[in-house]
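*Asks:* Okay, handing you the structure first.
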Amino acid sequence: MTLLQEDALQMYTYMLKMRMIEERASALYREANSPIVGRIYTGRGQEAISVGAAYALEKDDVIAPLYRDLGANLVRGITTREVFCQYMGRANSHNRGKDSGIHFGDRERGIVSMVSNLTASVPVATGVALGFVYRQEPRVVMTFFGDGSTAHGSWHEGVNMAAAQRLPVVFVLENNQWALSTPTHKHTALRELADRAKGYGMPGVRVDGNDVLAVYEAAREAVARARAGEGPTLIEAVTMRMEGHSITDPAQYVPREMLEEWAARDPIARFEAFLREQGWLDDETAARIRREIADEIEEAVQFALNSPEPRPEEALTDVFAPANVPEVRPPASAARSTMSYRAAIRDAIFTAFARDERVFLMGEDVSYGGVYGISKDLAETFGERRVIDTPIAEAAIVGAATGAALFGLRPIAEIQFADFIAPAMDILVNMTAKYHYRTRWPVPLVIRTPAGAIIESHGSTGPFHSQSPEAWFAHTPGLKIVVPSTPYDAKGLLLAALEDPNPVLYFEQKALYNLRGEVPEGYYTVPLGKAAVRREGDDLSIITYGALVAEALKAAEMLAAEGISVEVLDLRTLVPLDEEAVLATVRKTGKVLVAYEANMTCGFGAEVATRIWEHAFEWLDAPLVRVSAPDTPTPSAPQLARFWYPDAGKIAAAARDLAAY
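Add 25 to a position in the sequence shown, counting from 1, and you land on the number used in this note's numbering.
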């Protein structure tokens, strides 16, 4: 390795600046009336890893750092002013007070913002790399994580996907020997964590994490390998966390002799000694560098102290990226054909693929067509590059789709069944949903998944293929939720979702896959956040969505024969909710039944009912009624399933009683 004096001094400066910034921030934290927001997590003793690894990257590459990787952020161009504004949660900070610590996120400088659920960055980084390969860009992503992270399932999923697809990722494992208070030997039987790489069929390298040149050289080789299309590398950099997990942790669980041993191997002192041996650093230069950094830090502290604090009402902004998606109506002359709900979804995907090269599909068995055949022939038509089969790894699917979306692609992530989405909850709820709120960085992503039960003569789809989990996600700010009930809407809502700059969960209704209806050919959209009146009525309103729209319409027909006029409102989109349409139908009829297939307690219908109680109580002529599945899993036997399902008969019976109130 040939190292230029200029590069060596630059790395030394970054390492020293990292430590001095963290020392100053720690001092500020301990002051009375401290201006620091949250806590300080230092990387003392780990500067060589943070700086040495990041320094091996090129300008167009990307990093996904941790909270101990201030040095990597500095290498990518984060300024000292930005650091202290972020520490103090100022209005001009990266997160504008909506997050704390060094959770920077900057697309232009190639920094993926971390979340406190640390391993989320690994599948997301895999997705960033997937996007580079998709666009045939010779770029590399480097993601950092600790020894404790390697025990987490999402870490495995992300690393495995990157290795299986030979993606340009460099995995930097900062083995500081403690996962908060748990020593490494208590969470893995491995003594050399680089050996984990063998299980994924990729190289694993173990280096002295306190030797910046060793880290830099290992990273440089891994980056070159990734850029050449040879796939990922795992670098284990062995070091020691020289302070507690956070500034409030005295770390009394760490043996004193262990700290003393590693203090003698301090990475900055070691590198400074090397620079002096090379004749590249003398007392005068060392003093000047320290003085310049100290002056820069003090100026930055004052700048941050004088910067405005965020206005309180800013807490409510940026949950979603602005979505200016115009409604595109099909021309009156557009040909129309009768097709199934399933075929309409398929038509939407083929239409989107033909219109926008950024759209691709990823998930389990998608090149085969998926469980329900929706993507059949898609790979043959548009190529395997755009139809990506993944491991059985929901966290990696959602994480990778998130990473690809962050850098401008428009992925469709398919989760085979809504019941199987739980492993992706961490990334979806903590990374994907919150990303724009924290960074103003859009995440244009659609997650398709079949939901709900199918009740047939031989039984139902049972407790593991029948759930309606939309309420899980409606409770998470930052996610939009679509539940189409007709073939027309199935196509139009999916095309609209693919134009939206936010993550959208698109819950396909399995019970409706064979429902037929008229669908225009070509491109059109159905706007998100707009409900539809499916049947006009005067005596009472049934507010519902998804598969129960068809059941509600059947119930309305039954009641019409008895002289009861029922209005049926189809929500279509749960988030954002068309509250105006909900209140309008309440005002019109004065009696309301809310029907939903999910379990009764805390189902989304309960939220609709609450909104009505809060905002339309004076228009109600009778107590609001809910009809849903009971609070049990979905039974399989046909007689049990029919009893369990909130079908047209149950809706009609409840509506009949309501009309008579």
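In this text, a Cβ means the ideal position worked out from N, Cα and C, and glycines have one as well. Predicted, not measured: the structure shown is a model, and the values here were computed from it.
Would you kindly work out how many angstroms separate the C-alpha atoms of Leu341 and Thr614, rounded to a whole number?
*Replies:* 34 Å
*Asks:* Looking at Ala150: is its Cβ nearer than 7 Å to the Cβ of Thr168?
*Replies:* Less than 7 Å separates the beta-carbon of Ala150 from that of Thr168.
*Asks:* Do Val593 and Ile567 count as a contact pair if the criterion is CB distance below 7 Å?
*Replies:* Their beta carbons are under 7 Å apart, which means Ile567 touches Val593 by this criterion.
*Asks:* Taking Leu238 as part of the alpha helix (DSSP H), name the residues at either end of that continuous run.
*Replies:* Per DSSP, Leu238 is one residue of the alpha helix (DSSP H) stretching across 237-252.
*Asks:* Name the residue from Pro660, Pro416, Gly547, Ser510 whose alpha carbon lies nearest to the alpha carbon of Ala13.
*Replies:* Lying outside 26 to 686, the shown extent of the chain, residue 13 is not represented and no answer is given.
*Asks:* Roughly how many whole angstroms lie between the Cα atoms of Ala288 and Arg64?
*Replies:* 24 Å
*Asks:* Does the distance from the CB of Thr491 to the CB of Thr659 come in under 7 Å?
*Replies:* The question names Thr, yet the displayed sequence has Ser at residue 491. Yes, these two residues count as a Cβ contact at 7 Å.
*Asks:* Quick check: the region 534-542 against the region 581-588, are at least 3 beta-carbon pairs closer than 8 Å?
*Replies:* no
*Asks:* Using DSSP's beta-bridge definition, name the partner residues of Gly229.
*Replies:* Leu259
*Asks:* DSSP on Asn98, reduced to helix/strand/coil?
*Replies:* Asn98 carries a helical assignment under DSSP once its states are collapsed to helix, strand and coil.
*Asks:* Could you tell me if the beta carbon of Ala262 falls within a distance shorter than 6 Å of some heavy atom in the ligand NAP?
*Replies:* Within the structure as shown, the ligand NAP is missing, as the structure has no ligands at all.
*Asks:* Taking only the alpha-carbon atoms, compute the straight-line gap between Ile399 and Glu439 and give it to the nearest angstrom.
*Replies:* 11 Å
*Asks:* Count the other C-beta atoms from every protein chain shown that fall within 10 angstroms of the C-beta of Leu565, then say buried if there are 16 or more, exposed otherwise.
*Replies:* buried
*Asks:* Mind checking which residues open and close the beta strand (DSSP E) that includes Asp402?
*Replies:* That residue, Asp402, is in no beta strand (DSSP E); it is neither H nor E in DSSP.
*Asks:* Where are the beta strand (DSSP E) runs, 3 residues long or more, that stay fully inside the region 178-203, in chain order?
*Replies:* 194-200
*Asks:* My assumption, with CB atoms under 8 Å, is that Gly503 sits in contact with Pro528. Please give the rounded CB distance.
*Replies:* 7 Å
*Asks:* Using 7 Å as the threshold, is the C-beta distance between Pro545 and Arg354 below it?
*Replies:* no
*Asks:* Using C-beta distances below 8 Å, list every residue in its chain close to Asp563, excluding the 5 sequence neighbours before and after it, in chain order.
*Replies:* Ser590, Glu592, Lys613, Thr614
*Asks:* Report the option in Ile103, Pro526, Glu533, Glu605 whose CA atom is closest to the CA atom of Ala556.
*Replies:* By alpha-carbon distance to Ala556, the top candidate from Ile103, Pro526, Glu533, Glu605 is Glu605.
*Asks:* So Lys516 and Ala369 are in contact, right, with Cβ under 8 Å, and what is the actual spacing, rounded?
*Replies:* 4 Å
*Asks:* I'd like to check one pair, Val230 with Arg219: are the Cβ atoms closer than 7 Å?
*Replies:* Sequence inspection shows Ala at residue 219; the Arg mentioned does not correspond to that position. Yes, Cβ-Cβ distance for Ala219 and Val230 is below 7 Å.
*Asks:* So Arg106 is in the alpha helix (DSSP H); what residue range does that whole segment cover?
*Replies:* From DSSP, the alpha helix (DSSP H) with Arg106 extends over 105-112.
*Asks:* What do you reckon, are the CB atoms on Val551 and Ala521 nearer than 7 Å?
*Replies:* yes
*Asks:* Confirm, please, whether the CB-CB distance from Val574 to Leu618 is below 7 Å.
*Replies:* no
*Asks:* What is the rounded straight-line gap between the Cα of Leu453 and the Cα of His500?
*Replies:* 12 Å
*Asks:* Can you round the beta-carbon distance between Ala251 and Val197 to whole angstroms, since I take them to be within the 8 Å contact cut?
*Replies:* With 8 Å as the limit, Ala251 and Val197 do not qualify as a contact, their Cβ atoms being about 12 Å apart.
*Asks:* Identify whether Gly484 lies in helix, strand or coil by the three-state DSSP scheme.
*Replies:* strand
*Asks:* Suppose only complete runs of 4+ residues qualify. What are the alpha helix (DSSP H) ranges in the region 622-663, listed by chain order?
*Replies:* 629-640
*Asks:* Contact defined as beta carbons within less than 8 Å: I believe Asn185 pairs with Thr464. What is the distance between those atoms, to the nearest angstrom?
*Replies:* Between Asn185 and Thr464, the beta carbon gap of about 27 Å keeps them out of contact (Cβ cut-off 8 Å).
*Asks:* Reducing DSSP to helix, strand and coil, say where Tyr278 ends up.
*Replies:* coil
*Asks:* How long is the line joining the alpha carbons of Glu107 and Val326, rounded to whole angstroms?
*Replies:* 10 Å
*Asks:* Taking the alpha-carbon positions, what's the Ile446 to Glu419 distance?
*Replies:* Taking the straight line joining both Cα atoms gives about 6 Å.
*Asks:* Could you pull out every unbroken alpha helix (DSSP H) segment of at least 4 residues lying fully inside the region 26-64, listed in chain order?
*Replies:* 30-55
*Asks:* State the start and end residues of the unbroken alpha helix (DSSP H) segment that holds Ala429.
*Replies:* For Ala429, the uninterrupted alpha helix (DSSP H) segment begins and ends at 419-431.
*Asks:* Taking all protein chains shown into account, do 16 or more other C-beta atoms lie within 10 angstroms of the C-beta of Met43, making it buried, or fewer, making it exposed?
*Replies:* buried
*Asks:* Do you know offhand how far Gly571's Cα is from Pro655's?
*Replies:* 17 Å
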